[in-house]
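As given, the protein sequences belong to chains A and B, one line each in that order.
Using the numbering used here, you'd call the opening residue of the first sequence number 501 and step up by one each time.
Using the numbering used here, you'd call the opening residue of the second sequence number 17 and step up by one each time.
C-beta: ideal position from N, C-alpha, C; glycine also.
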Amino acid sequence: MKRIICLAIVLVFAGELFAQQVVDRPELFKRQSPYERYTTYRVSVTGGLGLPTGTFGNYMDNTTLRNYNVAVDFVFPKTNLSAGLSVGSQYFQNRIGRQVYSSDNQDVSAVQTRTFSAVPLVLTGSYHVGNVNARVRPYVQVGLGGAFAELINYWGSIPTGDNGFRFVAQAGAGVRVLFKKQGKLGLEAGATYQHLPFESAAEGIKDASTLNARVGLFYRWW
Amino acid sequence: MKVKYLNIMMGLAVAAMSWSCSPDALQDLTPEDSQVFITNYEKNTNFGNYSTFSLADSVFVVQNDRSGVATTGLDFRVLSRVAENMTKRGYVRVAKAAKPDFGVNVLRISETQTGVVANFNPWNTYWGFGGGGFYYPPTYSYYQTTERYWQVEIIDLKNAGTSNRATVVWNAQIRGDGIFDENAVASVIDAVFTQSAYLKKN
């Protein structure tokens, strides 16, 4: 008798358990993904080509592949916007064969090694096209910040130059592609114009602006 | 959650620090390419109007605030090369007593500089958060660099008159690696004359 009562109780509970599942599972799948409900996070690591422009383009006759960027963003679910912080590293180098540089009453014969490095710290804001969970999501981005910038022109092995903390403004566009639907990892590709005023009368430049084309990976989580 | 952001920020800051060290731009620079030849001249001087020069028989050695003379084999080689070049430009070498128009000096200069750098500890808890309250002050390192280079000067004795002050109308600095090599001195001395085409007698 006792055994039958026990069995009955187990059956009742079990039935209730199954009943609950039957009701809840479709509900579970109807719920929006967390990316659509909450502010989520995204980190991206990219690298690629750096192209000097403007007066800097005349001075630094060389592109670079030492051009990296790490960005962390808060991705807002409803507005298609994200905001974040990005840290970059850019290094340009150009060697010019022996030449005689003549000024007023001076002639200097030297091999020049022109280098420029910048570590921009930029606050960024992005607008995306498409839903937060779209597999392919193009974006446009603007950024404002500052950079530790250093220009060193080695005459032979004698360094001359300037360095300091400079203003930086960025504008760019790109696309992010998720590897899997609703996935976390994806491919990122984009191009950014970086305006960086860096005046040096001795070197004949007014700015050290660059065009950066980068590809890399991004990861999002919540 | 707040701590999580802070971790990210810290990570970014550390990444920025490690990246800010640039690669060595000069690691593939040959000694020849490291040589720099600097010549300055007095603009109002007409080098064609001078005809004779005298050259000391030793090299002046200047070491920070000390000075002396040297007569090593290398020094003689440099002196004779300078004399050769001056002769090639049409100037006649005469004794000091014969009232030369130019006085030519060769100097070996060695400058020692001492600098100080602060080594900041990136794990300094003063900058970070939490931690056990330890604070490591930045440590300081001293570094010393010595640069040795040649300097050649031409002094205007013609217009100095009886005064003790004469104008340096031309000077050349030869800096870089390998400039004290027996085999290189001839070419480095030639280089400063080559880039000074105006330095010749009419």
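Assuming residue 556 of chain A contacts residue 689 of chain A (C-beta within less than 8 Å), just tell me the rounded distance between them. Actually they do not touch by this definition, with Cβ atoms about 24 Å apart.
Please list the partners that residue 564 of chain A has in chain B, where partner means a Cβ-to-Cβ separation under 9 Å. Here the premise fails: no neighbours, minimum Cβ distance about 11 Å.
Quick one: is residue 721 of chain A buried, meaning 16 or more other Cβ sit within 10 Å of its Cβ, or exposed? Under this definition residue 721 of chain A is an exposed residue.
For a cutoff of 8 Å on Cβ pairs, would you count residue 202 of chain B as touching chain A? Chain A contact via Cβ: absent.
Residues of the stretch 642–660 of chain A whose Cβ lies closer than 8 Å to any Cβ of chain B, in chain order: Taking 8 Å as the Cβ-Cβ cut-off against chain B, the residues of the stretch 642–660 of chain A that qualify are 648, 650, 652, 654, 655, 656, 657, 658.
Within 10 angstroms of its Cβ, does residue 620 of chain A collect 16 or more other Cβ (buried), or is it exposed? Around the beta carbon of residue 620 of chain A, a 10 Å sphere encloses 16 or more other beta carbons of the protein chains shown; the residue is thus reported as buried.
Just to confirm, are residue 69 of chain B and residue 120 of chain B a CB contact at a threshold of 8 Å? It is a contact, given that the beta carbons lie within the stated cut-off.
Near residue 219 of chain B, which residues of its chain fall below 6 Å by C-beta distance, leaving aside the five closest residues on each side in sequence? This structure cannot speak to residue 219 of chain B, because chain B is shown only from 17 to 218.
Taking 8 Å as the CB-CB limit, is residue 546 of chain A close to chain B? Using beta-carbon distances, residue 546 of chain A does not count as an interface residue toward chain B, since no partner is under 8 Å.
Are the CB atoms of residue 217 of chain B and residue 67 of chain B within a distance shorter than 8 Å? Between residue 67 of chain B and residue 217 of chain B, the C-beta spacing is below 8 Å.
Are at least three pairs of beta-carbons, each pair with one atom in the stretch 164–175 of chain B and one in the stretch 563–579 of chain A, less than 8 Å apart? Cβ pair count under 8 Å is below three, so no.
With burial defined as no fewer than 16 other Cβ atoms inside 10 Å of the residue's Cβ, what is the status of residue 626 of chain A: buried or exposed? Note on residue 626 of chain A: 16 or more other CB atoms within 10 angstroms of its CB, so buried under the neighbour-count rule.
Here's a check: name, in chain order, each residue in its chain whose Cβ is nearer than 7 Å to the Cβ of residue 71 of chain B, leaving out the five neighbours to either side. Within the same chain, Cβ atoms closer than 7 Å to the Cβ of residue 71 of chain B are found at 95, 98, 99, 109, 120, the five residues on either side in sequence being excluded.
Cβ neighbours of residue 713 of chain A in the same chain (closer than 6 Å, five flanking residues each side left out): Same-chain partners within the cutoff: 548, 549, 691.
Quick check on residue 601 of chain A: does DSSP put it in helix, strand or coil? When DSSP states are grouped into helix, strand and coil, residue 601 of chain A belongs to the strand group.
Residues in its own chain within less than 6 Å of residue 47 of chain B by CB, not counting five upstream and five downstream? Within the same chain, residue 47 of chain B has close Cβ partners 193, 194.
Could you check whether the Cβ of residue 710 of chain A sits closer than 8 Å to any Cβ belonging to chain B? Judged by the 8 Å Cβ criterion, residue 710 of chain A is not in contact with chain B.
Using only the alpha-carbon positions, how far apart do residue 551 of chain A and residue 670 of chain A sit? Each residue's alpha carbon lies about 14 Å from the other.
Test: residue 561 of chain A CB closer than 8 Å to a CB of chain B: Residue 561 of chain A does not count as touching chain B.
Beta strand (DSSP E) segment containing residue 552 of chain A, residue limits: 540–552 is the extent of the beta strand (DSSP E) around residue 552 of chain A.
Chain-ordered neighbours of residue 59 of chain B on chain A, where CB pairs are closer than 7 Å: Simply 605.
Residue environment, residue 696 of chain A, which counts as buried when at least 16 other CB atoms sit within 10 Å: Residue 696 of chain A is buried by the Cβ-count criterion.
Can you give, in chain order, each stretch of the alpha helix (DSSP H) that sits fully within the stretch 592–646 of chain A and has at least 4 residues? Runs of the alpha helix (DSSP H) inside the stretch 592–646 of chain A: none found.
Hey, out of B/208, B/207, B/188, B/184, whose CA is closest to residue 60 of chain B's CA? Ranking B/208, B/207, B/188, B/184 by Cα distance to residue 60 of chain B puts B/184 first.
Contact set between the stretch 600–631 of chain A and chain B, restricted to residues whose Cβ is under 8 Å from the partner: Taking 8 Å as the cut-off between beta carbons, the residues of the stretch 600–631 of chain A near chain B are 600, 604, 605, 606, 607, 608, 609, 610, 611, 613, 615, 617, 619, 621, in sequence order.
Do you know offhand how far residue 639 of chain A's Cα is from residue 667 of chain A's? Rounded to the nearest angstrom, the two C-alpha atoms are 24 Å apart.
Under 8 Å from the C-beta of residue 173 of chain B: neighbouring residues of chain A: Taking a Cβ-Cβ cut-off of 8 Å, residue 173 of chain B has no neighbours in chain A, whose nearest Cβ is about 20 Å from it.
Below 8 Å between beta carbons: does that hold for residue 590 of chain A and residue 618 of chain A? Taking 8 Å as the cut-off, the beta carbon of residue 590 of chain A is found closer than this to the beta carbon of residue 618 of chain A.
Taking the straight line between their C-alpha atoms, what separation do you get for residue 49 of chain B and residue 562 of chain A? Their backbone Cα atoms lie some 19 Å apart in a straight line.
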